[in-house]
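Visitor: In the numbering used here, the protein residues as written are 870 to 1171.
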């Protein structure tokens, strides 16, 4: 049994991670924003501590802890990703999280990076792929990963950085493409899309949680791991799979929208290092994950 701390625990990945840890018999402490409207995303067994990311440096918790998983990050939406001041603060919050992990006695610190650290690429991405972040968000994630590793090295904490690609599933945000498609198909409304010729790599939230948990258990100190399904398909094929599962009479208007500027056309993870080091392999085929997501959404809206 482990005693673990998670920031960003009310999000899709964080809530899936807390469920997994609890099911494995661990104790989970979730650091959440005061007054968070997403507390219902967490199991009642989770110990909830209300604290802004800006307050991590002054936070004290009772007891000894084993692992710290830092998923919290301010302003992840498009409107905030190029806000230089906010993204700079996120780097500081990450370092504050490392110092808190040391204060709590944690042996391992796992940070959540992003595919945005790589910028635009046309090959499967791995730890050895060149980084070339285009957004302030991607630059900040890269800096946070490098600086938190160095601080962990100084403090004697094992450090791993997980660069996350496209995750979907239970408690996904309403603004994502997959949730937009599911909701519109359920309502029988048409959808206007780009040509959807991108090659994409989606992974179900429970698999993302398992990957992070596996990194916590067996990840190598200083390692960077990419979190994805490890296989790429045309985005159009994912859209058609969702339509097949949801059903209904919605029309899909491919090409009705333009690609946005600097649209990545290829995003696939190379997870060979992750599998070799931790034994992790994704367990949930895309259609199965979509079925679980649709079932959850229907229950939520009853």
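Glycine included, each C-beta is placed from N, C-alpha and C at the ideal position. As the structure is a prediction and not an experimental result, all values here were calculated from the model.
What is the DSSP secondary structure of residue 1122, counted as helix, strand or coil?
Guide: Annotated three-state conformation of residue 1122 is strand, per DSSP.
Visitor: Spell out the partners DSSP gives residue 982 in its beta bridges.
Guide: Residue 982 is bridged to 1032.
Visitor: I'd like to know whether the C-beta atoms of residue 1099 and residue 1138 end up nearer to each other than 7 angstroms.
Guide: yes
Visitor: Apart from the five residues just before and just after residue 894, which ones in its own chain have a Cβ nearer than 7 angstroms to its Cβ?
Guide: Hits under 7 angstroms: 870.
Visitor: From residue 1128 to residue 1101, what distance separates their C-alpha atoms?
Guide: 19 angstroms
Visitor: Does residue 939 pass the burial test, meaning 16 or more other C-beta atoms within 10 Å, or should it be called exposed?
Guide: buried
Visitor: So is residue 999 buried or exposed if we call it buried at 16+ other beta carbons inside 10 Å?
Guide: Classification for residue 999: exposed.
Visitor: State the Cα-Cα distance for the pair residue 903 and residue 1054, rounded to the nearest angstrom.
Guide: Approximately 35 angstroms, taken between the alpha carbons.
Visitor: Are there three or more Cβ pairs, one per stretch, closer than 8 angstroms when the stretch 1140-1149 is compared with the stretch 1038-1056?
Guide: Output reads no: the stretch 1038-1056 does not touch the stretch 1140-1149.
Visitor: Is it true that the stretch 962-973 meets the stretch 1019-1030, where meeting means three or more beta-carbon pairs spaced less than 8 angstroms apart?
Guide: Segment contact: the stretch 962-973 against the stretch 1019-1030, three or more CB-CB distances shorter than 8 angstroms; contact assigned.
Visitor: Taking the CB atoms as reference points, tell me whether residue 872 and residue 906 lie closer together than 7 angstroms.
Guide: no
Visitor: What does residue 1103 pair with, by DSSP beta-bridge criteria?
Guide: 1068
Visitor: Going by the DSSP bridge assignment, what does residue 1073 pair with across the sheet?
Guide: 1037
Visitor: Quick one: residues in its chain with C-beta nearer than 7 angstroms to the C-beta of residue 811, no 5 flanking neighbours on either side, listed in chain order?
Guide: Because the chain spans 870 through 1171 in this model, residue 811 falls outside it and cannot be assessed.
Visitor: Please state the DSSP three-state secondary structure of residue 852.
Guide: Since the first residue of the chain shown is 870 and the last is 1171, residue 852 is not available in this structure.
Visitor: May I ask you to list the residues that DSSP assigns as paired with residue 1051?
Guide: According to DSSP, residue 1051 bridges with nothing at all.
Visitor: Quick one: what's residue 898 bridged to in DSSP?
Guide: 874, 916
Visitor: In the DSSP output, what is residue 1092 paired with across the bridge?
Guide: 1029
Visitor: Assess contact between the stretch 1003-1012 and the stretch 950-965, defined as three or more Cβ pairs (one per stretch) separated by less than 8 angstroms. Is contact present?
Guide: yes
Visitor: According to the neighbour-count rule (16 or more other Cβ atoms, all chains shown, within 10 Å of its Cβ), is residue 1032 buried or exposed?
Guide: buried
Visitor: Check for me: the beta strand (DSSP E) holding residue 1042 runs from which residue to which?
Guide: Careful: residue 1042 lies outside any beta strand (DSSP E) and carries neither H nor E.
Visitor: Could you check if residue 946 is buried or exposed, using at least 16 other CB atoms within 10 Å of its CB as the buried criterion?
Guide: By the 16-neighbour rule on beta-carbons within 10 angstroms, residue 946 is exposed.
Visitor: So, at 7 angstroms on beta carbons, what are the nonlocal neighbours of residue 1160 in its own chain, with the 5 sequence-adjacent residues on each side left out?
Guide: 1114
Visitor: By DSSP, does residue 1138 sit in helix, in strand, or in coil?
Guide: Residue 1138: strand per DSSP, three-state reduction.
Visitor: Which same chain residues, not among the five before or five after residue 1090, have their C-beta less than 7 angstroms away from its C-beta?
Guide: 1027, 1028
Visitor: Return helix, strand or coil for residue 989, following the three-state DSSP convention.
Guide: coil
Visitor: With a threshold of 16 other CB atoms inside 10 Å of the CB of residue 984, please say whether the residue is buried or exposed.
Guide: buried
Visitor: Just the Cα atoms here: how many angstroms apart are residue 1108 and residue 1117?
Guide: 14 angstroms
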